[in-house]
Every structure is written in structure tokens, then in C-alpha cells.
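Below is one structure, written out as C-alpha cells, with a few remarks after it.
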Amino acid sequence: VDQVKIAYSNYIIILKPMSLRRKFILVILVFGIFGILDAGYLTMEHYSNEIPPCSTSIWVDCGKVLKSTYAMVGPIPVSLLGLAYYSTMVGLAIVRFMVDREMTFKDVLWKLLEKYARPRALTLEKMLFYVQLVLSGTGALFSVYFVYLQLGVIQAICVYCMVSAFMSFIMFGTMVTEYFKLQKNTL
260 VDQVKIAYSN
270 YIIILKPMSL
280 RRKFILVILV
290 FGIFGILDAG
300 YLTMEHYSNE
310 IPPCSTSIWV
320 DCGKVLKSTY
330 AMVGPIPVSL
340 LGLAYYSTMV
350 GLAIVRFMVD
360 REMTFKDVLW
370 KLLEKYARPR
380 ALTLEKMLFY
390 VQLVLSGTGA
400 LFSVYFVYLQ
410 LGVIQAICVY
420 CMVSAFMSFI
430 MFGTMVTEYF
440 KLQKNTL
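Under the numbering used here, the residue at position 112 of the sequence shown is numbered 371, and the numbers go up by one with no gaps.
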């Protein structure tokens, strides 16, 4: 099916099937938005000096995790870094979703890089993809570290933090899958 026509009042809406590339971007967008909500909530709770509601059992204790010395990087709460990470991933996903696949970085920055860029060597979408791939890998590595801290050092789990780690892993897995699809040229 190349397209679907939907008649609505005096308008006809034509829906084209979404490419695999756009489906990958949509997954990043959805999980990134959930990440923004999760990290944003934890950041809000941090600055209001509240501990989010979380069951306290032998292993689950959000207060113990969120009040530990590992919850801050200098004066910055880790949740705020997470909020910046998810916001960046969502922003890049939105731009990648809207950008034409063939638009070159050179086109976007006019002729600033003309001396150094080979024609059609690096499209804007591909450059943004690689930035997202590295960023999602970094997010996944930090998530592994934070899960280790919760389980091995603090010996308590923050459910919100584990949800964030799960979303980071899903986003990284999606980016890696897209990378291998790109290598096979099946997107």
C-alpha cells in the first residue's frame, strides 16, 4: 500500500506508510518524552526537597538513593543531567524526523564548511543520527553505572531511576538497530 486516503468533510488526507527510519526515530521520540517526564519529575522533587512516593522495602528505597552522595555531580542533581539528556535526544529526534534525508550539513550551514566537506559525504540527518547514537551510548553507559551504584554500593533501588535506565537501554538498542540497518542499506 503506497498511501491511504481518508475523506474528512471537504478535505482528503493522504497518509503514506512510515519508513523504517522514521519508525526508529518515533521510538526514540516516545521513550525520550517518557524520560523527560521521569527525569523532570525527579528534578522537581529534588528542588522541592521532597522524596517521590516509592515503596520502602528491603531493596526499594528511593529516598536512600536520591539522598545519597551519588545523586549529585558537584552541585548538579543527576536527574537534571538526565533531563538534559532526554531533552537533547528528543530535540535531535524531532529535527531528524523533519529533515530531508538528502539535505547535507553543507546545505544547512551554507558554505561555511565548503572547503572541508566532500559533496554528499555527510547529510544533516546522518550527522544527527551519529550524534544521537553516541549520546544514547553514553546514556546507556551511565545507566549501567547508576544501576551498579544502586545495587552494589547504595544497596537500594529507586524505581524512577530504574525506569530511566530501562528507557536509556531501549533508546540505545533502537539506535544500534538503526545503525546496523543503515549498514545493510535497508532503511
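A virtual CB, placed ideally from N, CA and C, is assigned to each residue, including glycine.
Which residue wins for smallest C-alpha separation from residue i, given the options the options?
i    : options                : result
A424 : E384, M434, G411, Y407 : Y407
A343 : G291, K443, V418       : G291
D320 : A399, C420, E384       : C420
Y438 : E384, A415, I310       : E384
K282 : K443, V403, I353       : I353
Q442 : F388, V332, V418       : F388
P312 : V435, V418, M426       : V418
S314 : Y404, Q409, I416, M434 : I416
M426 : M277, W318, Y345       : Y345
I413 : I317, R280, T436, G333 : I317
F401 : V435, R280, S338       : S338
May I ask you to report which of helix, strand or coil DSSP gives residue i?
i    : result
I317 : coil
M357 : helix
I284 : helix
K370 : No answer about K370 holds up, because its pLDDT of 48 lies below 50 and its placement is not dependable.
I335 : strand
I310 : coil
V435 : helix
Apart from the five residues on each side of it in sequence, which residues of its chain come closer than 7 Å, Cβ to Cβ, to residue i?
i    : result
P336 : T302, H305, A330
G299 : L342
T433 : F283, V286, I287
Which whole-angstrom value is the C-beta distance of residue i and residue j, which I expect to be below 8 Å?
i    : j    : result
I287 : M430 : 6 Å
L351 : Q391 : 5 Å
Near residue i, which residues of its chain fall below 6 Å by C-beta distance, leaving aside the five closest residues on each side in sequence?
i    : result
S358 : Checking the sequence, you will find Val at residue 358 rather than Ser. So the list reads L383, E384, once near-sequence residues are dropped.
F356 : I284
Could you confirm whether any beta carbon from chain C is found closer than 8 Å to the beta carbon of residue i?
i    : result
H305 : In summary, chain C is missing from the structure at hand, where a single protein chain is found.
Using a Cβ-Cβ cut-off of 8 Å (strictly less than) and excluding sequence neighbours within five positions of residue i, which residues of its own chain qualify?
i    : result
I310 : E304, C321, G322, L325, K326
M348 : I287, G291, G294, Q391, L394, S395, G398, M430
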